Amino acid sequence: MNLLYLTGYEAIWYPNRLPVGVVIDRDRPECLVFDWRRHETYVRNRVFADAVVLFDYNDAIEVVTATLSGDPDVLGIEWSSSNPSAPVMTELARRLEASGTRLVSGDWIVDGVRLYKSDAELACVREAAAMADAAMASLSKRLRPGMSELEVSALMGHLLATVGSEPAAMPVLVNSGPQAWMDIHGFPSSRRLEAGDVVNVDCCASVGRYHANLGRSFVLGPSKTRARAIIETGAVSLDILRKEARLNADPAPAAAAADAYARRKLPPENVWWIGGYALGLCLLPNWVGHTYLANDGNEKCLLKSGYVTNFENVFVDPTEGFEAGCIDTLIMTPAGLDLLSTLPRRLIDVAL
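The UniProt record's numbering puts the sequence shown at residues 1 to 352.
So this is what it looks like as structure tokens:
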């Protein structure tokens, strides 16, 4: 994501066997991009860079080493990036050190800058949230017994595209039926919906690759499911989070208060997770930011103005088999946490 943030380089695939990347010099306002020779047309026309260095599979590490050796004399490497792969970066680091370059950790520097969004970035997030709301509301009118989870996922993707969303960094998750409580991060299956099912849908909408996350649960026709009461009880945790959140403060106390409320009011076996993580600029295969409301992520954060997070109420019932809950996107503002969705935080009835 940092390559995209710094240069506008967006692609569905970055070859992880190659050291594709960007070098920013602290002392000079220059941006140097390294890329695969086959991408030359794209990178020279679509990517913001002062200079481009190209390589092939057989000489990539040699080209990067020769370009960077001795200038700069200190280089920070993002070791926590999933791309390029660890063996590629390890070998590149070995050769750079052998050439006299001193290496330091560059982890989370750019991520920390990205964490607090500008007004222009927040406008993208708000637009994405409105798209997610519109698509989810439309889905509630189209769910029917007989549809497969795969069909529901594809339909939701179509509805998101119809209202203008780009493809998101996460597929649309759909869980239903007696095994849903085990399949929280599982892909949609060929299982077909039945009358009385609780159907959980989790999606992201994307504008300019800025994401907003939304999740709601539906029930198909009349049902005495416990999901309704559980969601309504747990939904209060969001109110507590917003009440306790303080501008420029550690989010952990507010998150802990929200979690404690849900666990105090609901049986522990029904509470899967109450919490959230940073959202923003995302590409496949990951939409999850590096900081969490519990402040137990890779880096600590503060609730500064412009911080974007989701907040998840995820509940399960091994006896009934459902997964259910609500997921929302919030923005920290000087006035507090702003909830972006206008959809009700309850089990949504689908008339048959």
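Idealized CB from N, CA, C, for every residue including glycine.
Just so we're clear, the structure is a prediction, and the values are computed from it rather than from any experiment.
*Report the residue from H158, T162, E194 and P167 whose alpha carbon sits nearest the alpha carbon of N175.*
E194
_With distance defined between alpha-carbon atoms, name the residue in T225, V201 and N83 nearest to M1._
N83
*Span of the beta strand (DSSP E) holding N313?*
V308 to V316
*asked:* Taking the alpha carbon of C282 as the reference point, which residue from A294, P188, G186 and A128 has its own alpha carbon closest?
replied: A128
_CA-to-CA distance, G177 to R102, given in whole angstroms_ = 56 angstroms
*Cα-Cα separation between V64 and V22, rounded to whole angstroms*: 11 angstroms
*Among all the DSSP beta bridges, which residues are the ones paired with I77?*
S105
_Among the candidates D328, G208 and N286, whose CA atom is the shortest distance from the CA of L340?_
D328
*What does L214 pair with, by DSSP beta-bridge criteria?*
C203
*Any idea if H211 is buried or exposed, counting beta-carbon neighbours within 10 angstroms, 16 or more meaning buried?*
buried
_Please classify L165 as buried or exposed, where buried requires at least 16 other C-beta atoms within 10 Å of its C-beta._
Residue identity differs from the one stated: residue 165 is Ser in this sequence, not Leu. Looking at its Cβ environment, which holds 16 or more other Cβ atoms inside 10 Å, S165 is buried.
*Compute the Euclidean distance between the alpha carbons of A278 and Y307, then round it to the nearest angstrom.*
7 angstroms
*Nearest candidate by alpha-carbon position, reference V236, set N313, P87, G280 and R216*: N313
_Residue nearest to G297 in terms of C-alpha spacing, selected from W108, S99, T162 and D317_ = W108
*Quick one: residues in its chain with C-beta nearer than 8 angstroms to the C-beta of T233, no 5 flanking neighbours on either side, listed in chain order?*
A262, K265 and L266
*the segment 58-74 touching the segment 16-36, judged by at least three CB pairs closer than 8 angstroms*: yes
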